[in-house]
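Residue numbers (this note's numbering), protein chains in the order written: chain P, 14 to 267; chain U, 14 to 267; chain L, 14 to 267; chain W, 14 to 267.
Where is the CB? At the ideal position from N, CA and C, for every residue including glycine.
Computed from a predicted structure; not experimentally measured.
Worksheet: one structure, shown below.
4 protein chains.
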Amino acid sequence: MIETTIIEKKNIKMRKPVLIEGLPGIGLVGKIAADLLVDELKAEKIADIYSPHFPHQVIMQKNGVMRMIKNRIYLAKGKKRDFLILAGDVQAVTSEAQYEVTGKMLDYAQKKGVSLTITLGGYGTGKVHDKPRVFGIVSNKPMVEEYKKYGIIFGESKGSIIGAAGLLIGMGKLREMPGVCLMGETHGGFVDAKSAQALLEVLCKMLEVKVDLKKLDARVKAGEKFAKRIEQETMAAKGMVHPGGAKHDLSYIR
Amino acid sequence: MIETTIIEKKNIKMRKPVLIEGLPGIGLVGKIAADLLVDELKAEKIADIYSPHFPHQVIMQKNGVMRMIKNRIYLAKGKKRDFLILAGDVQAVTSEAQYEVTGKMLDYAQKKGVSLTITLGGYGTGKVHDKPRVFGIVSNKPMVEEYKKYGIIFGESKGSIIGAAGLLIGMGKLREMPGVCLMGETHGGFVDAKSAQALLEVLCKMLEVKVDLKKLDARVKAGEKFAKRIEQETMAAKGMVHPGGAKHDLSYIR
Amino acid sequence: MIETTIIEKKNIKMRKPVLIEGLPGIGLVGKIAADLLVDELKAEKIADIYSPHFPHQVIMQKNGVMRMIKNRIYLAKGKKRDFLILAGDVQAVTSEAQYEVTGKMLDYAQKKGVSLTITLGGYGTGKVHDKPRVFGIVSNKPMVEEYKKYGIIFGESKGSIIGAAGLLIGMGKLREMPGVCLMGETHGGFVDAKSAQALLEVLCKMLEVKVDLKKLDARVKAGEKFAKRIEQETMAAKGMVHPGGAKHDLSYIR
Amino acid sequence: MIETTIIEKKNIKMRKPVLIEGLPGIGLVGKIAADLLVDELKAEKIADIYSPHFPHQVIMQKNGVMRMIKNRIYLAKGKKRDFLILAGDVQAVTSEAQYEVTGKMLDYAQKKGVSLTITLGGYGTGKVHDKPRVFGIVSNKPMVEEYKKYGIIFGESKGSIIGAAGLLIGMGKLREMPGVCLMGETHGGFVDAKSAQALLEVLCKMLEVKVDLKKLDARVKAGEKFAKRIEQETMAAKGMVHPGGAKHDLSYIR
């Protein structure tokens with residue numbers, strides 16, 4: 014295998030699909046949102062994506078059967094248009110690999126007549142957010158007005174977006190495929206399901222679907238624990254409080 | 014040379030061959046097992062595998078003749094079906110290289126009509142094992158029952174398998190080539206011939222062949238020495254015993 | 014996208030164009046010069062260059078619209094011949110990538126009938142320069158005499174030129190495309206607009222154009238501040254003076 | 014430029030040429046020998062080798078003219094057969110690159126009817142040698158006897174040969190092109206012209222040519238100075254002598 018390969022399980026009909034990407038990234042915000050969407054919309058897996066740019070590893074499953082590391086494409090039926098959800102284990106690491114994988118995905122999306130691409134991710138701030146905001150960035154100026162109404166904040170996020178969430182929109186634009194990237198405000202130092210909830214709230218309005226956000230409550234609580242510890246440590250580092258038993262067991266998520 | 018090349022020495026007939034892989038890996042468990050199998054079954058070398066993804070080095074042999082770094086394919090005759098044994102000096106390092114080399118090997122295996130792939134490796138635990146168990150992972154659910162009877166333990170190994178032992182099964186599955194990966198329990202910090210013995214015991218039952226496992230006894234003893242030293246050092250580090258003259262000369266095997 | 018792609022916006026006529034390159038490099042000398050040239054000559058953007066060898070990132074702009082990381086080609090009209098100016102966000106990082114991107118650019122330049130290539134960069138000395146000199150290096154011996162008259166110093170710069178400024182001339186020579194690389198003397202440890210001014214003075218004479226160099230005065234002053242701090246720190250390190258409040262906030266530019 | 018390119022200056026006739034390689038390597042032993050051979054045999058440069066796997070740099074020459082980093086092929090006339098000498102600035106760094114460059118060189122050599130390949134290098138021992146021996150390694154067993162008569166020592170060098178000196182012979186063997194690698198014993202920590210002299214003595218006998226080895230005397234002395242310092246430091250480190258003013262300014266050559 015020398016290039017990324019999409020193996021389609023079934024050749025399903027779909028109507029003007031919206032492509033929604035949520036792969037692992039900062040705070041796992043996009044991945045948590047996409048995975049819940051797949052569950053809640055009872056989406057069907059229609060394709061596997063294998064790539065020589067993914068780690069040369071296979072995963073041992075509890076049932077004694079191995080599986081390749083991969084990305085997956087799911088299909089969910091919507092009212093007017095259907096949803097293609099791109100989820101998975103990993104993103105490619107190098108620049109060359111990311112451009113190749115994204116190009117292959119856009120080839121597929123174009124063939125399927127994708128009318129809009131929505132990518133999901135986290136916007137790292139280094140701060141803990143009680144009410145994470147949702148930032149957006151689009152491929153064309155007129156889209157700013159169109160998507161503001163969903164409560165997405167435009168023009169306040171700065172810097173660059175690393176990986177699939179940015180490249181799918183950027184490279185899509187070169188093919189005249191419009192897209193919007195939604196980013197949930199997040200600390201960046203822990204898995205942030207609360208930010209994913211905020212993201213999903215906006216997304217569900219956009220897609221006109223319903224998702225039970227309470228399904229994430231347990232993960233939100235786990236994240237809040239981490240967040241509290243981080244805040245205490247930060248304050249302790251500044252000489253403000255004694256952190257007690259807090260230890261350095263924060264899991265950093267890239 | 015810009016891609017992996019398999020140069021076949023002879024075009025030999027073979028019956029429904031089983032592909033058995035044992036390349037260098039954790040504890041050298043798979044390599045030791047495969048190399049002994051080659052010797053004991055008097056397998057004939059039928060092909061060399063060269064790759065630009067192997068180190069850019071040649072090996073100086075005692076007789077004054079150099080040879081390229083390579084992998085080798087051996088053929089041994091079995092009762093009902095023959096055995097193709099994949100052994101060698103190295104594995105490719107990067108993901109892209111591993112996918113390419115494995116793809117080339119599977120092309121060859123498919124052409125030869127390989128009916129089953131068995132890969133051999135170590136399962137690193139960080140502990141010393143008196144009686145190493147043999148874990149298995151297969152490409153399809155029904156195979157679990159089929160191989161349990163040989164004493165292989167399924168569903169207890171966790172995480173991922175790195176390199177050829179995993180990819181050959183994983184990528185083979187995409188071509189509908191069934192496979193099983195056998196992993197001998199091993200510490201991971203030294204060359205473990207005892208784990209290779211355990212692996213071979215199971216493998217010989219599966220293949221219905223006989224191999225003199227005592228040939229590995231000297232290497233088993235050398236490994237046990239290392240193991241004892243590791244255990245003493247670990248205990249010493251925990252403040253339990255004084256390790257005496259034990260020094261840090263453990264060779265770590267990737 | 015698996016190779017560098019030049020997307021031309023318009024198919025404009027041009028007369029015997031001179032290609033002028035100023036991408037990010039040491040002290041940002043070349044980039045500052047090229048960017049000012051684009052502004053002052055009211056050059057029109059005629060092409061975008063995208064590459065899988067650029068970072069896998071997109072840039073979030075203030076207006077809420079993202080854009081890919083890229084290089085750009087601008088066209089400005091000159092008296093006798095026109096100017097193609099190559100500017101942009103980044104250079105490729107690895108050798109292989111640099112050769113590929115430069116090759117694509119030269120393909121384009123050749124098709125457009127480029128008669129001369131001028132590349133702009135900094136010549137790092139590790140010293141602060143009150144009056145930065147401009148060093149030159151050409152593709153063929155007779156060019157030395159031809160360009161000396163503009164005040165360019167030949168034969169005093171040593172070592173090698175890394176990246177596009179060197180490769181465009183070097184690889185161009187293999188296609189019999191003559192070129193000259195201009196390097197403004199610079200410290201290397203900070204953004205040096207003063208060196209860019211010196212470079213532009215020479216370049217404007219060569220191109221017979223006028224550019225308002227005062228537009229860089231603010232950046233020159235900012236650079237001089239850094240330079241003073243560096244000098245103080247260097248002397249302090251040698252035990253000559255106490256640097257007072259000087260801190261290590263020098264931005265190092267590659 | 015996406016692959017290694019050999020640009021031949023002239024299409025010269027040659028008789029059963031012997032390919033002699035001496036690129037930068039351990040102790041620069043091979044490079045020094047090849048470069049002197051070029052000078053002494055008044056060899057003519059007949060080809061340049063450019064590669065995207067060489068550093069993305071150009072070299073500034075004293076005369077104000079730049080040149081690409083490259084390898085070169087020279088042709089010298091011999092009594093019965095001619096000599097193709099491969100010399101140059103660098104070797105490629107990665108495995109993939111080394112295999113590609115070597116493959117291209119062998120394509121060229123094959124086309125030119127090369128009858129024998131001789132590669133030159135150093136054999137690093139970590140010791141200083143008063144009378145460096147010359148080790149050899151060949152592609153086929155019968156060659157050992159054939160080359161022993163020149164004073165080359167076979168079967169005493171161990172381990173592997175890294176880079177072009179090994180790959181040219183190893184990959185050449187796959188094309189049935191016989192070769193011998195000559196290695197001058199060397200410390201490895203400094204440029205060793207004395208080892209190059211030893212190498213050339215053997216080589217001149219093999220090629221039936223004369224080379225004035227005194228041309229290297231100045232470099233030999235410079236090397237001996239380094240060697241003495243290294244020995245003193247080593248002994249000092251073992252507590253045997255006080256090294257006096259010796260400082261750590263040894264240049265390590267890869």
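query: Under the assumption that T132 (chain L) contacts G192 (chain L) (Cβ atoms under 8 Å), give the Cβ distance between them as a whole number of angstroms.; result: 7 Å
query: Using CA atoms only, rank isn't needed, just tell me which of W:K58, W:L213, W:D205 is closest to T138 (chain W).; result: W:D205
query: Keeping to the same chain, check which residues put their C-beta closer than 7 Å to that of Q210 (chain W); ignore five residues upstream and five downstream.; result: L226, L229, V233
query: Pick helix, strand or coil for Q74 (chain U), following the three-state DSSP scheme.; result: coil
query: Hey, how far is the Cα of K260 (chain U) from the Cα of G201 (chain W)?; result: In this predicted model, K260 (chain U) has a pLDDT of only 35, less than 50, meaning its place in the structure is not dependable enough to derive any value.
query: Relative to chain P, which residues along the region 101-131 of chain U have a C-beta separation below 7 Å, given in chain order?; result: S108, E109, Q111, Y112, E113, G116
query: Give the interface partners of F167 (chain U) over in chain P, defined as CB-CB distance under 7 Å, in chain order.; result: G77
query: If we ignore side chains and look at the alpha-carbon of each, how far apart do L180 (chain P) and K154 (chain P) end up?; result: 18 Å
query: Would you call N84 (chain L) buried or exposed, if buried means 16 or more other Cβ atoms sit within 10 Å of its Cβ?; result: buried
query: DSSP beta-bridge partners for C194 (chain L)?; result: L:T132, L:I150
query: Decide if the region 56-70 of chain W is in contact with the region 109-125 of chain W; the criterion is three or more beta carbon pairs, one per stretch, under 8 Å apart.; result: yes
query: Is there contact here, the region 29-46 of chain L with the region 233-243 of chain U, by at least three beta-carbon pairs under 8 Å?; result: no
query: Reducing DSSP to helix, strand and coil, say where R28 (chain W) ends up.; result: coil
query: List, in order along the chain, the chain C residues whose C-beta lies closer than 7 Å to that of P68 (chain U)?; result: Absent from the structure: chain C. Protein chains present are P, U, L and W.
query: Starting from the beta carbon of K154 (chain W), find every residue of chain U whose beta carbon is closer than 7 Å, and list them in chain order.; result: N76, V78
query: Could you compute how far the alpha carbon of D95 (chain P) sits from the alpha carbon of G172 (chain U)?; result: 35 Å
query: Among all the DSSP beta bridges, which residues are the ones paired with F96 (chain L)?; result: L:V31, L:A89
query: Interface residues of chain W around I62 (chain U) at Cβ under 7 Å?; result: Here the premise fails: no neighbours, minimum Cβ distance about 12 Å.
query: Between V147 (chain L) and M196 (chain L), is the Cβ-Cβ spacing less than 8 Å?; result: yes
query: Grab me the residues of I19 (chain L)'s own chain with a C-beta within less than 7 Å of its C-beta, minus the 5 sequence neighbours each way, in chain order.; result: A60, I62, K117, Y121
query: If you follow the alpha helix (DSSP H) that E237 (chain W) is in, where does it begin and where does it stop?; result: 230-250
query: Against chain U, with Cβ distances strictly below 8 Å, would I33 (chain W) count as a contact?; result: no
query: If the cut is a Cβ gap below 7 Å, which residues of chain W does I19 (chain L) touch?; result: Ordered by position in chain W, no residue passes the 7 Å Cβ test against I19 (chain L), which lies about 16 Å from the chain.
query: Between A46 (chain W) and L213 (chain W), how many whole angstroms is the CB-CB distance? I'm expecting something under 8 Å.; result: 5 Å
query: Is V51 (chain P) closer than 8 Å to L97 (chain P) when the C-beta atoms are compared?; result: no
query: Of all the options W:G176, W:L187, W:K23, which has the alpha carbon lying nearest to the alpha carbon of V106 (chain W)?; result: W:G176
query: Show which residues of chain W have a CB atom less than 8 Å away from the CB atom of I182 (chain L).; result: V71, M79
query: Determine the DSSP secondary structure at K218 (chain P), reduced to helix, strand or coil.; result: helix
query: Would you call R28 (chain W) buried or exposed, if buried means 16 or more other Cβ atoms sit within 10 Å of its Cβ?; result: exposed
query: My output table needs one value for I182 (chain U): the three-state DSSP class, helix, strand or coil.; result: helix
query: Please classify M81 (chain L): does DSSP put it in a helix, a strand, or coil?; result: strand
query: What are the boundary residues of the beta strand (DSSP E) that T18 (chain W) is part of?; result: 18-21
query: Which residues bound the alpha helix (DSSP H) around E109 (chain W)?; result: 108-124
query: Please list the partners that S173 (chain W) has in chain U, where partner means a Cβ-to-Cβ separation under 8 Å.; result: P68, Q70, V71, I72, M73, I82
query: Anything in the region 187-200 of chain W with a Cβ closer than 8 Å to a Cβ of chain U? List those residues in chain order, please.; result: L187, C194
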